[in-house]
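Worksheet for the structure shown next.
Chains as they are written, first to last, in my numbering: chain A, 1 to 137; chain B, 1001 to 1137; chain C, 2001 to 2137; chain D, 3001 to 3137.
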């Protein structure tokens, strides 16, 4: 349960983007910030941690990029589409790289935390692409 | 919708805290990171922005503290209760200060975004207190 | 005084980029994270805060993007140039937008904190462009 | 080189704390955010990464806590000493835990990145304690 939709509906000004697309993207970003922090930690808890180096790094990068993108999209008062666009593009890249790596570990090593994290990354990647297309990119 | 519960259930090691309490606290932290970033921005969109200075600052502080606390709690592999405790105590303080300020604006100025943000802060404050008590503080 | 150069020199593996360019970029990112957080707050302390809305928002966005970019560049073990590139491009955008706004307030309203913040943003914008060119973009 | 001192000197209002103590603490926080992100990554690049789990986790926690504390201290307009105090106490804890762990690896395994990171953590721990004492704690 999150308050993202209620916060957007209570915004006193005009929202620059389609509200449903924006709420989904904001929720997906903060959810993915969490999943990726948790997955980096779960990777570290695996016995063969030396095989998880790339996954840990992709997760840490993705967690930070998602947090920043979620914050930028939460700021509507002086919304700047060039800023949103560049941040969303970085977020698509981060989510895609992380999902690819996590899907590999889910498939080849049957790692459940990577399977869940990949779902969260793919949801966020999709939401960012949808938001980018409403920005006219 | 978030993946916090699924991520915790997929964790390969032993979780140091009661799972339900922890999941609620992690979700509340990331939700509050978002609400507070959005409320600081909505405050900035109010006509009488000069009356919102304290609310903006409490929201920005609370957003940052919640993000950090949510990340620390998401890391279970080398969970350190002294670290969790200090971070949760800072988070209780941040949420309490922000909720008090937002409730004032909700009550006196009928600001809906402050009403929603205060709910999110009170939920997070409560979840942090619950987690602190499972830590034996 | 920072430890960025010493940290990079102590890195056990091979660094993917030119070390001097990378150190300057990492230092500039964390410095700009700080300047922009401080400038958003100083804007809020100005009497005519209603004229500072855009400056506050550009500063908050820039602070978050710089932190994320500085962290991504600090991670060399599984350095992924596509990720660095997208993050650096978002950082150039954030720094440019923030510097333009701060330079306006420095020039038109003689705001010293905006003058200093713009310097920090321009330094970071330049360092990100330099790092992008070593990445072959 | 950072702009922290210049930003504080340009602040339009009254600064709540001793300026020299505050500048050193802000600089130490952002420096330590960087050192700890870099050390977590360098740990991951070590051959015996399975022995670095605790160091990675302490570094990730410390990096996040330092960033949040540095941001809170950079906000002077509605400075709230109870918030600063709780954040500084969490930062002392994070820096102490991380320095202890890094000093162990520096001493026992001759890891240079841990030696540098521990210096950065000890500097930040000291600066936070000094700031706490000016707050009357």
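Cβ coordinates follow ideal geometry from the N, Cα and C atoms, glycine included.
Output, in sequence order along the chain, the residues in the region 2046-2058 of chain C whose CB is closer than 9 angstroms to any CB in chain B.
2047, 2048, 2049, 2050, 2052, 2053, 2056, 2057
Taking all protein chains shown into account, do 16 or more other C-beta atoms lie within 10 angstroms of the C-beta of residue 3007 of chain D, making it buried, or fewer, making it exposed?
buried
By how many angstroms is the C-alpha of residue 130 of chain A removed from the C-alpha of residue 1002 of chain B?
19 angstroms
Taking the alpha-carbon of residue 3060 of chain D as reference, which of B/1071, B/1051, B/1093 has the nearest alpha-carbon?
B/1071
Taking C-beta pairs closer than 7 angstroms, name the residues in chain C that residue 83 of chain A reaches, listed in chain order.
2061, 2093, 2094, 2097
Any contact between the region 21-39 of chain A and the region 3037-3057 of chain D? By contact I mean 3 or more CB pairs, one from each, below 8 angstroms.
no
For residue 1092 of chain B, which option in D/3082, D/3094, D/3123 has the closest C-alpha, if you only look at C-alpha atoms?
D/3082
If you measure from the beta carbon of residue 1064 of chain B to each beta carbon in chain A, is any gap under 8 angstroms?
no
Please confirm whether residue 3088 of chain D has its beta-carbon closer than 8 angstroms to some beta-carbon of chain C.
no
Could you check what DSSP says for residue 3116 of chain D in three-state terms: helix, strand or coil?
helix
Could you tell me whether the Cβ atoms of residue 2023 of chain C and residue 2010 of chain C are closer together than 8 angstroms?
no
At a CB distance below 7 angstroms, what residues from the region 1070-1082 of chain B approach chain A? Give them in sequence order.
1070, 1071, 1074, 1075, 1076, 1077
At which residue ranges does the region 1026-1079 of chain B contain complete alpha helix (DSSP H) runs of 4 or more residues, listed in the order of the chain?
1053-1074
Which of the residues in the region 1109-1130 of chain B, read from start to end, lie with their CB under 9 angstroms from any CB of chain A?
1111, 1112, 1113, 1114, 1115, 1116, 1117, 1119, 1120, 1123
Using a 10 Å radius around the Cβ and a threshold of 16 neighbouring Cβ atoms, would you call residue 3100 of chain D buried or exposed?
exposed
Under 8 angstroms between C-beta atoms, does residue 3031 of chain D make it to chain C?
yes
Would DSSP call residue 88 of chain A helix, strand or coil?
helix
Buried or exposed (CB count within 10 angstroms, at least 16 for buried), residue 3035 of chain D
buried
Tell me whether residue 135 of chain A sits in a helix, a strand or coil according to DSSP, three-state version.
coil
Relative to the alpha-carbon of residue 2056 of chain C, which residue among A/105, A/79, A/56 has its alpha-carbon at the smallest distance?
A/79
Residue 118 of chain A beta carbon less than 8 angstroms from that of residue 106 of chain A:
yes
Determine, for residue 1132 of chain B, whether the minimum Cβ-Cβ distance to residues of chain C falls below 8 angstroms.
no
Buried or exposed: where does residue 2116 of chain C fall if 16 or more other Cβ atoms within 10 Å of its Cβ makes it buried?
buried
Partner residues on chain A for residue 1019 of chain B, Cβ-Cβ distance less than 9 angstroms:
Result: empty, since nearest Cβ-Cβ is about 13 angstroms, beyond 9 angstroms.
Can you list, in chain order, the residues of its chain whose CB lies under 6 angstroms from that of residue 1027 of chain B, leaving out five sequence neighbours each side?
1002, 1004
Residue 15 of chain A burial status per 10 Å Cβ neighbour count (16 or more: buried):
exposed
In the DSSP assignment, find the unbroken alpha helix (DSSP H) run with residue 1004 of chain B in it and report its ends.
1004-1009
Which residues in chain A sit within 8 angstroms of residue 3044 of chain D, going by Cβ to Cβ distance?
53, 56, 57
Nearest residue (CA-CA) to residue 1087 of chain B, options B/1135, B/1065, B/1076, B/1125:
B/1065
Inspect the beta-carbon positions of residue 2049 of chain C and residue 1053 of chain B and report whether they are closer than 8 angstroms.
yes
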